[in-house]
Amino acid sequence: MPQSRIADKPTIIPDGVELSVDGQTIKIKGKNGELSLNLPEYLEVDRDNNELMIKTKEGVVKRSSDEKRLKALRGTFTSHVRNMIKGVTEGYKKELEIAGIGYRAQLQGKNLILNIGYSNPVEFPVPEGITIEVPQPTIVVVKGIDKYKVGEVAARIRSLRKVNVYSGKGIKYVGESVLRKEGKKV
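Heads up: the sequence shown begins at 3 in the numbering used here, then just goes up one per residue.
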């Protein structure tokens, strides 16, 4: 059976991380928090001391198209487990930059208040499990242990005011390059 390049290599469980498998549920607990993942019924976990492998259950593969799909899923779920381990040990963060005259951000309790060129400030409620910091009025830092959730919240904040390609005003990721266009010529 052809193997997945990601799922072929065992996932190392570092010290300070507790991993428990209960049926099809994997729970990972570390210094930053706890995450869980439900595996499909055709995948199983093979654990040996501090190494973890996700394998296909016996008798599931009926034809070659099943084999290809299961190989891809093994790699996907292995990546999810590795991201969860990194999340509970180190955590994830995304930084956003706000550009424009008078554009700024501030925290008020559990809400992020953004002045981004609309007639009223935009209130963005901070979701559970995510922390938002505003070290400068033009920088917003989104932190958390769930990679997917951090990326989703950062993308939702960014979508409130995408960068205008003519003026350069808006919200973008730190380090993101925006292709600027030249305005009309008269």
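Glycine is no exception: its CB is placed at the ideal position from the N, C-alpha and C atoms. These numbers were taken from a predicted model, which means no experiment stands behind them.
Looking at the DSSP output, Gly172 bridges to Ala101.
Judged by their CB atoms, Arg76 and Ala9 are nearer to each other than the 7 Å cut-off. Between the stretch 87-95 and the stretch 26-46 there are three or more C-beta pairs closer than 8 Å, enough to call the two in contact. Annotation: Tyr94 to Leu114 spans about 19 Å, alpha carbon to alpha carbon.
Just measuring C-alpha positions, the residue of Leu21, Ser66 and Gly32 sitting nearest Asp50 is Leu21. Rounded to the nearest whole angstrom, the CA to CA distance from Ala156 to Val176 is 11 Å. For Glu135, the enclosing beta strand (DSSP E) begins and ends at Ile132 to Gln138. Annotation: Tyr44 to Val62 spans about 6 Å, alpha carbon to alpha carbon. Annotated as distal: Val144 and Val136, with beta-carbon spacing of 7 Å or more. For Leu21, the enclosing beta strand (DSSP E) covers residues Glu20 to Asp24.
According to the DSSP assignment, Ile159 belongs to the alpha helix (DSSP H) that extends over Lys149 to Ser161.
Distance from the CA of Lys73 to the CA of Glu125, rounded to the nearest whole angstrom, comes to 43 Å. In this structure, the CA atom of Glu154 is about 14 Å from the CA atom of Val142.
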